[in-house]
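Note that UniProt numbering numbers the sequence shown so that position 158 is 158, with each residue one more than the last.
Here is the structure we will look at, set down as structure tokens.
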Amino acid sequence: MLRTALRPRFLWLLVVALLIAVLGIIAGRWQWSVARDVARADAVRAVQERPVRPLTDVVAPHATFPDEGSGQQVSTRGEYTGDPLVVVNRRFDDAKVSWVLDRFVVDGTGANLVVVRGWIPAGEDPPSAPDGTVDLVGSLAPPEPPDQSGGSADGELTSVDIAQLVNVWDGDIYNGFVFAISEDGSASADGLERVPPPLPDTSLQFRNVMYAGQWWLFSAFALWMWIKMVRQAARADQDEAEESAKSMEEST
């Protein structure tokens, strides 16, 4: 079979098959990328198109975080109280930053809401939150898992761990936190930059996944066809050789 495969005809066919396979792989990877991008765009658009809802309509203090709550924009009114904390070891555009985390007491319930007001460069002191009653709009997020490598005694956290804050703040607390989007209608904040809410979890877009699979199957098919042609040619050569040998034996 190897001798057959090394014939010029099959070498040229191998080159063609490899070119087809490479083009198929490239096209499949492009479709796979489209599948991810389309799914992400659809998920982001779906979240952005969800109306802003009152916090009290979405989650109650100490209640389980709602299944559809991640990324939901909520509005509430209340007051910031106490000193800000910083969540260290965060990244933004490849720079090391810290999140500024504040305690927000919600009017009506009196419960504590954890608010990530924005980020500051690592090592800087966090600015104070606004005084008085504040109308807050934010993007809801579930609690982060605990991180045993740090604490809040020195004003630093290593994760937005609600269970840890229960031991620091008096009163009830919401089982989740918000990324501040605006305060009293202002999207900007003095002394810090807003943290973009994380993108929602997305699955792949099925149609483009199917296209990617078709291209990769096409690549495999091109190579399989070349192997099949070589095998058939090798088998034909073998049959011809056996027939020739048989004829020579009969002639003798």
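All C-beta atoms in this analysis are idealised placements derived from N, C-alpha and C, irrespective of residue type, glycine included.
- Closest by C-alpha distance to G118, out of D135, R90 and G132, is R90.
- Assignment of S139 by DSSP, reduced to helix, strand and coil, places it in the strand class.
- For T56, the secondary structure class from DSSP, reduced to helix, strand or coil, is helix.
- Residues of the same chain with a CB within less than 7 Å of the CB of V106, apart from the 5 flanking positions on each side, are L55, T76, G78 and L113 in chain order.
- Closest by C-alpha distance to P61, out of P127, F177 and S128, is F177.
- Per DSSP, the unbroken alpha helix (DSSP H) holding L165 starts and ends at I162 to V166.
- As DSSP reads the structure, E183 sits in a beta bridge with L136 and S186.
- Under the three-state reduction of DSSP, P61 is assigned to coil, being neither helix nor strand.
- Distances from the alpha-carbon of Q31 to those of R231, Q214 and D161 put Q214 closest.
- For N167, the number of other beta carbons within 10 angstroms of its own is below 16, and it is reported as exposed.
- Within 10 angstroms of the beta-carbon of V52 lie fewer than 16 other beta-carbons, which makes it exposed.
- The beta carbon of R194 is closer than 6 Å to those of G118 in its chain, skipping five residues each way along the sequence.
- In this structure S219 is buried. Its beta-carbon is surrounded by 16 or more other beta-carbon atoms within 10 angstroms.
- The alpha carbon of D102 has as its nearest neighbour, out of A187, A180 and A233, the alpha carbon of A180.
- A Cβ-Cβ distance of about 5 Å is found for the pair V100 and P84, placing them in contact under the 8 Å criterion.
- Excluding the 5 residues flanking it on each side, V58 has same chain C-beta neighbours closer than 8 Å at P66, G69, Q72, V74 and L140, in chain order.
- For the pair Y174 and A129, the CB atoms are not nearer than the 8 Å cut-off.
- A distance below 7 Å between beta-carbons, with the five flanking residues on each side excluded, links F92 to the following residues of its chain, in chain order: W119.
- Contact between V115 and G138 holds, since their C-beta atoms are separated by about 6 Å, short of 8 Å.
- G28 counts as buried, since at least 16 other C-beta atoms from the protein chains shown sit within 10 angstroms of its C-beta.
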